[in-house]
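Q: To start, I am sharing the structure in question, which I have written as structure tokens.
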Amino acid sequence: MTQTTTRVLEPSDLGAALAILESEPVVNAFVASRVQVAGLDPWRLGGEMWGWYADGRLRSLCYAGANLVPICAGPEAVRAFADRARRAGRRCSSIVGPAEPTALLWRLLEPGWGPAREVRANQPLMVTESPSADVTPDPLVRRIRKDETEVLMPACVAMFTEEVGISPLAGDGGLLYQARVAELIGAGRSFARIDDGKVVFKAEIGAATTQACQIQGVWVAPEHRGKGLSETGMAAVLLYALADVAPIVSLYVNDYNTPARKAYRRVGFRETGTFMSVLF
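Letter 54 of the sequence shown, counting from 1, is numbered 58 in the numbering used here, and no numbers are missing.
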């Protein structure tokens, strides 16, 4: 019989963990980007990395931090991760990952962790490797400078509140969220079009590795919606991403957001998989 075990990974396990993360570079971009920078030390990583072993070999991972993320996890690994998560108690604000293992993980945890504030069971994962062939990039979309943080922040807060359903300023007054926004600006991965001192379009390149990156936080000011700014703005951010960050660019979007899915397809993104998010 196959012998299996689950344990918290240590810094010495980094090579084996990266091999798993890099086996699916697009799907695993979020966690891989954190591990490549911070390694596996929980204090630097912002959470534990759990490993599931079969016959002494590391086969699957689960990141347990602010998010609970199953990685390359089949049903047996998911059950093992659910057991560990149940014993530890809920410390995350969301469960997110590929739809199939995430759905199983939630079914196992829901009796003890539920109810969730919201379950988004179908979030298409979209990918492209080429600049847009049909949409002209907005030449006014550019990298945000550090001295423009205060100009950008209201748009970031509005986007987060619309997308997640709660304000990022709740709890700690927004200190962690502001730090993350400043981090992306400092890394040159925050982009916007600013007209007359106000943001009309914005997006960030969030997770980024040498193999793939992920665009997030796409937002158009309400009074400018319906003018095609999401398409021309995304085409511009895509150019930056492909030129400066990674050869594959991805994003995931809620299935009910039909206008966004249509806009991203026009820019050249195609749907290649499905994510799922459980929000607490």
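We treat Cβ as the ideally placed atom computed from N, Cα and C, and that holds for glycine.
What do you reckon, are the CB atoms on Trp54 and Leu44 nearer than 8 Å?
A: no
Q: How about Asp90 and Leu113: are their beta carbons less than 8 Å apart?
A: Per the sequence presented here, residue 90 reads as Arg, with Asp not at that position. Against a cut-off of 8 Å, the Cβ pair of Leu113 and Arg90 comes out as a contact.
Q: Could you give the distance in angstroms between the alpha-carbon of Gly118 and the alpha-carbon of Thr236?
A: 40 Å
Q: Leaving out five residues before and five after Phe258 in sequence, what residues of the same chain have Cβ atoms less than 7 Å from its Cβ?
A: Contrary to the premise, residue 258 reads as Asn rather than Phe in this sequence. Around Asn258: Arg124, Gln127.
Q: Check whether the Cβ atoms of Val100 and Ser281 lie closer than 8 Å to each other.
A: The answer is yes: Cβ separation under 8 Å.
Q: In the DSSP output, which residue or residues are listed as bridge partners for Lys206?
A: As a beta-bridge residue in DSSP terms, Lys206 pairs with Ala196, Trp223.
Q: When you compare only the Cα positions, how much space is there between Pro105 and Val185?
A: In this structure, the CA atom of Pro105 is about 30 Å from the CA atom of Val185.
Q: Does the distance from the C-beta atom of Val224 to that of Phe195 stay below 8 Å?
A: Inclusion of Val224 and Phe195 in the CB contact set at 8 Å is not warranted, their separation being larger than that value.
Q: Under 7 Å Cβ to Cβ from Leu108, same chain only, skipping five residues before and after it: list those, please.
A: The beta carbon of Leu108 lies closer than 7 Å to those of Pro79, Val82 in the same chain, with the five residues before and after it left out.
Q: Determine the extent of the beta strand (DSSP E) in which Glu275 is found, giving its start and end residues.
A: 274-283
Q: Based on Cα-Cα distance, which residue from Asn71, Gly272, Gly177 lies nearest to Gly51?
A: Asn71
Q: Give the straight-line distance between the Cα atoms of Gly116 and Phe284, rounded to the nearest whole angstrom.
A: 13 Å
Q: Residues bridged to Ile99 by DSSP?
A: Leu72, Val282
Q: With a cut-off of 8 Å, do at least 3 Cβ pairs link the region 171-182 to the region 199-219?
A: In short, these stretches do not touch, since the Cβ pair count stays below three.
Q: Take Lys150 and list the residues in its own chain whose beta-carbon comes closer than 7 Å to its own, dropping the five residues that flank it on each side.
A: Ile189, Gly190
Q: What does the alpha-carbon distance come out to for the pair Arg197 and Cys96?
A: So the alpha carbons of these two residues sit roughly 33 Å apart.
Q: With distances taken between CB atoms, is the gap from Val35 to Leu25 smaller than 8 Å?
A: yes
Q: Just curious, the alpha helix (DSSP H) that Glu80 is in, first and last residue?
A: 79-92
Q: Cβ of Gln7 within 8 Å of Cβ of Asp87?
A: no
Q: Can you check which of these residues, Glu166, Tyr244, Gly175, is closest to Pro226 by C-alpha distance?
A: Glu166
Q: Would you kindly report the start and end of the unbroken beta strand (DSSP E) that includes Leu255?
A: 253-256
Q: Going along the chain, which residues of its own chain have a beta-carbon closer than 6 Å to the beta-carbon of Cys160, five neighbours each way excluded?
A: The residues are Val185.
Q: What do you get for Pro141, buried or exposed, if any count of 16 or more other CB atoms within 10 angstroms of its CB means buried?
A: buried
Q: My output table needs one value for Ala240: the three-state DSSP class, helix, strand or coil.
A: helix
Q: Considering only their Cβ atoms, is the gap separating Ser136 from Gly272 smaller than 8 Å?
A: Yes, Cβ-Cβ distance for Gly272 and Ser136 is below 8 Å.
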